[in-house]
Amino acid sequence: MSEYLETPAGRRIAFQRSNGRGPGVVFLGGFKSDMTGTKAAWLHDWARGQNRAFLRFDYSGHGDSSGVFEEGCIGDWFADARHVIEALTDGPQVLVGSSMGGWISLLVARAMPQRVAGLVTVAAAPDFTEQGFWAGFSEAQRQAVMTKGRVALPSDYADQPYVITRRLIEDGRDHLVMNQPLPLPFPVRMLQGTADTDVPVDWAVRLLDHAGGDDVRLTLLKGADHRFSTSECLALIARSIDDVLA
Numbered sequence: 227m228s229e230y231l232e233t234p235a236g237r238r239i240a241f242q243r244s245n246g247r248g249p250g251v252v253f254l255g256g257f258k259s260d261m262t263g264t265k266a267a268w269l270h271d272w273a274r275g276q277n278r279a280f281l282r283f284d285y286s287g288h289g290d291s292s293g294v295f296e297e298g299c300i301g302d303w304f305a306d307a308r309h310v311i312e313a314l315t316d317g318p319q320v321l322v323g324s325s326m327g328g329w330i331s332l333l334v335a336r337a338m339p340q341r342v343a344g345l346v347t348v349a350a351a352p353d354f355t356e357q358g359f360w361a362g363f364s365e366a367q368r369q370a371v372m373t374k375g376r377v378a379l380p381s382d383y384a385d386q387p388y389v390i391t392r393r394l395i396e397d398g399r400d401h402l403v404m405n406q407p408l409p410l411p412f413p414v415r416m417l418q419g420t421a422d423t424d425v426p427v428d429w430a431v432r433l434l435d436h437a438g439g440d441d442v443r444l445t446l447l448k449g450a451d452h453r454f455s456t457s458e459c460l461a462l463i464a465r466s467i468d469d470v471l472a
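When the letters of the sequence shown are read in order and numbered with our numbering, they come out as residues 227 to 472.
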């Protein structure tokens, strides 16, 4: 059953956690996904089997949390993640960031590195509002975003289109991580599928090159797609968490 946490901004964040030894594991999900997804649920069960503390949650406008998805932005979801980690966990945590959650986890790591024991990213999508959406928009789509405040894009993961707002784009520019130094002074394991059609492999390679740190590795899994949820993918995520903890 979900519990709820009120943030300083007045957002009601749904979360599920299990107690266990530390460092705990915190799962940060993707754009328009929620904590009932395959990776989040599987990792919760895995952590329980390891007697490892675990936390998963829904950003505002996602899942069971308050708010409207289309009104949210990276800054809001980063603030949600930061508050959840500060309020609901003790000591350094291993962050597991999937897709947009990879970007959010990098923002958390930059803001409070003392609370990060290690980082595992899964198809990380840093700066995707800029290097994905904005860079890929036609001139007509850019005009629609700037004059009408929104544009609708078809989704491979839901019946309804994604509505991309001017606020999402402009706020994203305030939270870029690839345009300035990105020190990661803890073990980092980046995972990426070669058949991912949402996050190109070269994004993963660029992030590897860009990140600062003495223990940063990228693993490419041949044939894995963006969901990264097959038994082989899930086992690789778990091994990567173990590797970081070791």
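For each residue, glycine too, the CB sits at the ideal point set by N, CA and C.
Residue i: first and last residue of the uninterrupted beta strand (DSSP E) it sits in
| i | result |
| --- | --- |
| PHE241 | 238 to 244 |
| VAL377 | 376 to 379 |
| VAL294 | VAL294 -> no beta strand (DSSP E), and no H or E assigned at all. |
| ARG443 | 442 to 447 |
| THR391 | 388 to 391 |
Assigned secondary structure, residue i (DSSP; H/G/I helix, E/B strand, else coil)
| i | result |
| --- | --- |
| GLN418 | strand |
| PRO318 | coil |
| GLY301 | helix |
| PHE412 | coil |
| VAL371 | helix |
| GLY362 | helix |
| ARG282 | strand |
| ALA313 | helix |
| ARG453 | coil |
| THR355 | helix |
| ALA307 | helix |
Start and end residues, alpha helix (DSSP H) containing residue i
| i | result |
| --- | --- |
| ARG274 | 264 to 275 |
| GLY327 | 326 to 337 |
| ARG465 | 457 to 471 |
| VAL431 | 427 to 436 |
| LEU402 | That residue, LEU402, is in no alpha helix (DSSP H); it is neither H nor E in DSSP. |
Alpha carbon of residue i to alpha carbon of residue j, nearest angstrom
| i | j | result |
| --- | --- | --- |
| GLU232 | TYR285 | 12 Å |
| LYS258 | GLY298 | 10 Å |
| GLY323 | ARG336 | 14 Å |
| PHE241 | LYS265 | 15 Å |
| ARG399 | PRO318 | 28 Å |
| TYR230 | ARG237 | 10 Å |
| LEU402 | TRP272 | 32 Å |
| ARG274 | THR347 | 21 Å |
| LEU314 | ASN245 | 11 Å |
| PHE280 | ALA349 | 21 Å |
| PHE168 | MET338 | As displayed, the chain neither begins before 227 nor continues past 472, which places residue 168 out of reach and without an answer. |
| THR391 | SER331 | 22 Å |
| PHE283 | GLY256 | 11 Å |
| ARG368 | GLN357 | 14 Å |
| ALA485 | ARG432 | Beyond the ends of the chain as shown, which are 227 and 472, falls residue 485; an answer cannot be given. |
| ILE300 | LEU417 | 22 Å |
| ARG243 | LEU269 | 11 Å |
| VAL263 | ASP382 | Going by the sequence as given, residue 263 is Gly instead of Val. The alpha-carbon atoms of GLY263 and ASP382 are separated by roughly 15 Å. |
| GLY250 | LEU434 | 24 Å |
| ASP422 | GLY248 | 32 Å |
| SER455 | ALA370 | 35 Å |
| ASN277 | VAL377 | 45 Å |
Residues bridged to residue i [DSSP beta-bridge criterion]
| i | result |
| --- | --- |
| ALA349 | In the DSSP output, where bridge partners are listed per residue, ALA349 has none listed. |
| LEU254 | GLY323 |
| GLU229 | PHE241 |
| ARG247 | ARG278 |
| GLY344 | VAL320 |
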